[in-house]
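Protein chains in written order, with this note's numbering: chain E, 3 to 106; chain Y, 3 to 106.
There are 2 protein chains.
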Amino acid sequence: MSIAKTPKPPYYAVIFTNLQSDDITGYSEMAKRMAELAQQQPGYLGVESARDSLGITVSYWRDLESIRQWKNHAEHLQAQALGKTRWYSNYTTRIALVEKEYSR
Amino acid sequence: MSIAKTPKPPYYAVIFTNLQSDDITGYSEMAKRMAELAQQQPGYLGVESARDSLGITVSYWRDLESIRQWKNHAEHLQAQALGKTRWYSNYTTRIALVEKEYSR
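Have a look at this one:
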């Protein structure tokens, strides 16, 4: 995992923070598949992910419409349903407009 | 580390993504001190952090002014300088306006 190379702002970030449940059967295969699928979507700009006691995945998107389409993608809907019922005990998703970015 | 309980949007997120260098001498003490200090600042709303190969820290703030003040806090400026010169090989900071939030 590396730092995403995103374009000059503005663009959008989806900040997905989660705590896993005790049953993560099938999780890592699905996470891999979703990462592959996400990067094929229109408007996808990149992703960053880390996990220790907490999991944080930040994906970057051109606009709200590309986020909406990805949220409603058939395979992704199945993954979200499994996330809700099986893999995550808690999660929060935040949709945020990136206004400024600085790097080294 | 748990999921931050943030107020109803809008509010701001600072997404700090980083790769550590080989020399993290003093890093964990400073990270702890900065976490304590941040939560005493006006406009602070919470923080979420995770690290594996990548480190991601997302802090939440009431407005751009509270972010600006924290960025310019004397002790935080010293920490940022050490981060640049010693602890991080690469990093990106993104300032983003959280427009929507949903949880379970």
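C-beta atoms are modelled at their ideal positions from N, C-alpha and C, and glycine is treated no differently.
What you are looking at is a predicted structure, and each value in this text was computed from that prediction instead of being measured.
Against residue 15 of chain E, the close residues of chain Y are 15, 17, 96, 98, in the order they occur along the chain (beta-carbon pairs closer than 8 Å). Of all residues in the stretch 32-43 of chain E, none has a C-beta nearer than 7 Å to a C-beta of chain Y. Around the CB of residue 67 of chain E, fewer than 16 other CB atoms lie within 10 Å, so the residue is classed as exposed. Ranked by Cα distance from residue 105 of chain E, the first of Y/92, Y/12, Y/102 is Y/92.
Residue 6 of chain Y is positioned such that its CB atom lies closer than 9 Å to that of residue 19 of chain E. With fewer than 16 other Cβ atoms inside 10 Å of its own Cβ, residue 77 of chain Y counts as exposed. The alpha-carbon separation between residue 41 of chain Y and residue 72 of chain Y amounts to approximately 10 Å. One alpha carbon belongs to residue 65 of chain E, the other to residue 58 of chain E, and they sit about 21 Å apart.
Excluding sequence positions up to five before and after residue 37 of chain E, its CB lies within less than 7 Å of the CB of 49, all in the same chain and listed in chain order. Between the alpha carbons of residue 75 of chain E and residue 69 of chain E lies a gap of roughly 10 Å. Taken in chain order, the members of the stretch 51-85 of chain Y whose beta-carbon sits within less than 9 Å of a beta-carbon on chain E are 51, 52, 53, 54, 55, 56, 57, 58, 59, 60, 62, 66. For residue 21 of chain Y, the uninterrupted beta strand (DSSP E) run begins and ends at 13-22, by DSSP.
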